[in-house]
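As given, the protein sequences belong to chains H and R, one line each in that order.
Here the first sequence is numbered in this note's numbering, starting from 1 and rising by one per residue.
Here the second sequence is numbered in this note's numbering, starting from 1 and rising by one per residue.
Number of protein chains: 2
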Amino acid sequence: MPKNCNFIEKLREVGLRPTKQRIKMCEVLYNREKTFHFTINDLVKMISEKMNEKISLATVYNTVHAFEKKGYLKEISIDSHKSYFDTNTSAHHHFFDEDTHELIDCDESDIDKINIRKNITGKKINSVEVLVRVASDNQTQK
Amino acid sequence: MPKNCNFIEKLREVGLRPTKQRIKMCEVLYNREKTFHFTINDLVKMISEKMNEKISLATVYNTVHAFEKKGYLKEISIDSHKSYFDTNTSAHHHFFDEDTHELIDCDESDIDKINIRKNITGKKINSVEVLVRVASDNQTQK
DNA sequence: TCAATAGTTTAGAATTATTATAATGTAGAT
DNA sequence: ATCTACATTATAATAATTCTAAACTATTGA
Chain H
1 MPKNCNFIEK
11 LREVGLRPTK
21 QRIKMCEVLY
31 NREKTFHFTI
41 NDLVKMISEK
51 MNEKISLATV
61 YNTVHAFEKK
71 GYLKEISIDS
81 HKSYFDTNTS
91 AHHHFFDEDT
101 HELIDCDESD
111 IDKINIRKNI
121 TGKKINSVEV
131 LVRVASDNQT
141 QK
Chain R
1 MPKNCNFIEK
11 LREVGLRPTK
21 QRIKMCEVLY
31 NREKTFHFTI
41 NDLVKMISEK
51 MNEKISLATV
61 YNTVHAFEKK
71 GYLKEISIDS
81 HKSYFDTNTS
91 AHHHFFDEDT
101 HELIDCDESD
111 IDKINIRKNI
121 TGKKINSVEV
131 LVRVASDNQT
141 QK
């Protein structure tokens, strides 16, 4: 979702009603300089802090999934225990810091274009994602 | 874990006691021609079918994680809802069929070596994994 | 060979993440 | 202003995984 703050319009454009909760969530997610990564839990905390009213956990789930479906968010799979979401919806790859559990975006120059030679009959490629797991140089990792 | 069936020895080598359950699990996982992918649920079913005795779900979890830690299994992250494991522990990439939820191994010739240009200070690269999501050519995908 | 002990298995409870439910509330159209 | 369809909410339900504590078993070494 673009920087420009007319979230009401943006929501309407994709057929989502601009409710108070959705607008608030847009502000939390998109009123910032850089894109970022979060879990549902992170987001609930951020919203609680920014808002004086409560927001239901179910609403956060619903809204995150609605935004994902509309292309405003992208889910990133790191491990089975946590869903990370990314406000950067362009095709890009990630580093995952196994010490801090931090996700870091790669930009185009970090990783050469991936060339897929295999072809699966009747199937088209939806996405190609690279995950680079990193960890502290001086410790054993799982 | 190599094809060779002396699982008792193999388990001992890495400091896992060769219990009845672990040996049975080795047989189910490694007494086969090809490596394969499974979820914990799949595995419980497979073991139940092969064994006449019951095995506790907790044991399956424990054992899978013990095997993973010892390098006999690798976890593959596809989405947040399911943990897939792979008996092929060598470095390789995957296709994921979003229609059938099937994981398919890539071999070396399918994807060129990934060249990582970015360097994160004080961190070393533990792994580089590519996931190629594919789906039927004639249907919209999320 | 036979305890001692340290690691393992087990059923079931607990926890965590997520989704479903059904009642209430609200945005947008008339 | 009213109606209707969609949203939100608290709570319950579900699902995946981990924890617990008691019973069991492989190994050690007397």
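Yeah, the Cβ is synthetic: ideal placement off N, Cα and C, and Gly gets one too.
Checklist entry - Which of helix, strand or coil does DSSP assign to arginine 22 of chain R? => result Helix, per DSSP.
Checklist entry - What are the boundary residues of the beta strand (DSSP E) that includes methionine 102 of chain R? => result Reading the sequence as shown, one finds glutamate at residue 102 of chain R and not methionine. Start and end: 102-105.
Checklist entry - Can the beta-carbon of aspartate 99 of chain R be found closer than 7 Å to that of serine 77 of chain H? => result No. Outside cutoff.
Checklist entry - For arginine 12 of chain H, which of helix, strand or coil comes out of DSSP? => result In the three-state reduction of the DSSP assignment, arginine 12 of chain H falls in the helix class, which pools H, G and I.
Checklist entry - Which chain H residues sit within Cβ distance under 8 Å of asparagine 126 of chain R? => result Listed along the chain, the chain H residues whose CB falls inside 8 Å of the CB of asparagine 126 of chain R are Glu98, Arg133, Val134, Ala135 and Gln141.
Item to check | Neighbourhood of threonine 35 of chain H by C-beta, 8 Å cutoff - its chain only, sequence neighbours within 5 removed | outcome: When the five nearest sequence neighbours on each side are left out, the beta carbons in the same chain lying within less than 8 Å of the beta carbon of threonine 35 of chain H are those of Asp86, Thr87, Asn88 and Asp105, in order along the chain.
Checklist entry - So is glutamate 13 of chain H in contact with chain R if we call contact Cβ pairs under 7 Å? => result Judged by the 7 Å Cβ criterion, glutamate 13 of chain H is not in contact with chain R.
Checklist entry - If you follow the beta strand (DSSP E) that threonine 39 of chain H is part of, which residue opens it and which one closes it? => result Taken as a continuous stretch (DSSP letters only), the beta strand (DSSP E) holding threonine 39 of chain H covers 37-39.
Checklist entry - Got a sec: is the Cβ-Cβ distance from glutamate 129 of chain R to anything in chain H below 7 Å? => result Cβ-Cβ to chain H under 7 Å: yes for glutamate 129 of chain R.
Next on the checklist: Three or more C-beta pairs under 8 Å: does that hold for the region 9-22 of chain R against the region 124-132 of chain H?
Outcome noted: No, the region 9-22 of chain R is not in contact with the region 124-132 of chain H.
Item to check | Distance, leucine 57 of chain H Cα to lysine 113 of chain H Cα | outcome: Taking the straight line joining both Cα atoms gives about 39 Å.
Checklist entry - Using CA coordinates, which residue listed in R/Thr63, R/Phe95, R/Arg17 and R/Phe67 is at the minimum distance from aspartate 110 of chain R? => result The shortest Cα separation from aspartate 110 of chain R among R/Thr63, R/Phe95, R/Arg17 and R/Phe67 belongs to R/Phe95.
Item to check | leucine 57 of chain R, DSSP secondary structure in three states | outcome: Reduced to three states, the DSSP call for leucine 57 of chain R is helix.
Next on the checklist: Looking only at its chain, what residues have a beta carbon closer than 6 Å to the beta carbon of methionine 25 of chain R, apart from the 5 residues adjacent to it on each side?
Outcome noted: For methionine 25 of chain R, where only same-chain residues beyond five positions count, the Cβ hits under 6 Å are Thr63.
Checklist entry - How would you list, in chain order, the residues of chain R whose beta-carbon sits under 7 Å from the beta-carbon of aspartate 112 of chain H? => result Under a criterion of Cβ atoms nearer than 7 Å, the residues of chain R adjacent to aspartate 112 of chain H are, in order, Asn115.
Item to check | Beta-carbon proximity list for threonine 140 of chain R, same chain, < 8 Å, skipping 5 on both sides | outcome: Note that threonine 140 of chain R scores a pLDDT of 47, beneath 50, so its modelled location is shaky and nothing firm can be said.
Checklist entry - Taking 7 Å as the CB-CB limit, is aspartate 79 of chain H close to chain R? => result Cβ-Cβ to chain R under 7 Å: yes for aspartate 79 of chain H.
Next on the checklist: Applying the 10 Å Cβ sphere with the 16-neighbour rule, what's the burial state of lysine 142 of chain H?
Outcome noted: Any reading at lysine 142 of chain H is ruled out, since the residue's pLDDT is 38, under 50, leaving its predicted position unreliable.
Checklist entry - Can the beta-carbon of phenylalanine 137 of chain R be found less than 7 Å from the beta-carbon of glycine 122 of chain H? => result For clarity, residue 137 of chain R is aspartate in the given sequence; the question names phenylalanine instead. Contact flag set, yes.
Next on the checklist: Suppose the cutoff is 7 Å on Cβ atoms and the five residues either side in sequence are ignored; what does the same chain contact list for alanine 66 of chain R look like?
Outcome noted: Within the same chain, Leu16 come within 7 Å of alanine 66 of chain R by CB-CB distance, once the 5 residues on both sides are set aside.
Checklist entry - Between the C-alpha atoms of arginine 133 of chain H and histidine 92 of chain R, what's the straight-line distance to the nearest angstrom? => result Approximately 14 Å, taken between the alpha carbons.
Item to check | Other residues of its chain near lysine 70 of chain H: CB distance less than 6 Å, five sequence neighbours each side excluded | outcome: The beta carbon of lysine 70 of chain H is closer than 6 Å to those of Val14 in its chain, skipping five residues each way along the sequence.
Item to check | Minimum Cβ-Cβ distance from isoleucine 120 of chain H to chain R less than 7 Å | outcome: Closer than 7 Å to the CB of isoleucine 120 of chain H there is at least one CB belonging to chain R.
Item to check | Through-space distance from asparagine 52 of chain H to isoleucine 116 of chain H, alpha-carbon basis | outcome: Rounded to whole angstroms, isoleucine 116 of chain H and asparagine 52 of chain H show a C-alpha spacing of 49 Å.
Next on the checklist: Please report the straight-line C-alpha distance between lysine 74 of chain H and glutamate 108 of chain H, rounded to a whole angstrom.
Outcome noted: Their Cα atoms are separated by approximately 18 Å.
Checklist entry - In angstroms, rounded to a whole number, what distance separates the CA positions of methionine 46 of chain H and tyrosine 84 of chain H? => result Annotation: methionine 46 of chain H to tyrosine 84 of chain H spans about 15 Å, alpha carbon to alpha carbon.
Next on the checklist: Looking at valine 130 of chain H: is its Cβ nearer than 7 Å to the Cβ of valine 60 of chain R?
Outcome noted: Cβ atoms of valine 130 of chain H and valine 60 of chain R: not closer than 7 Å.
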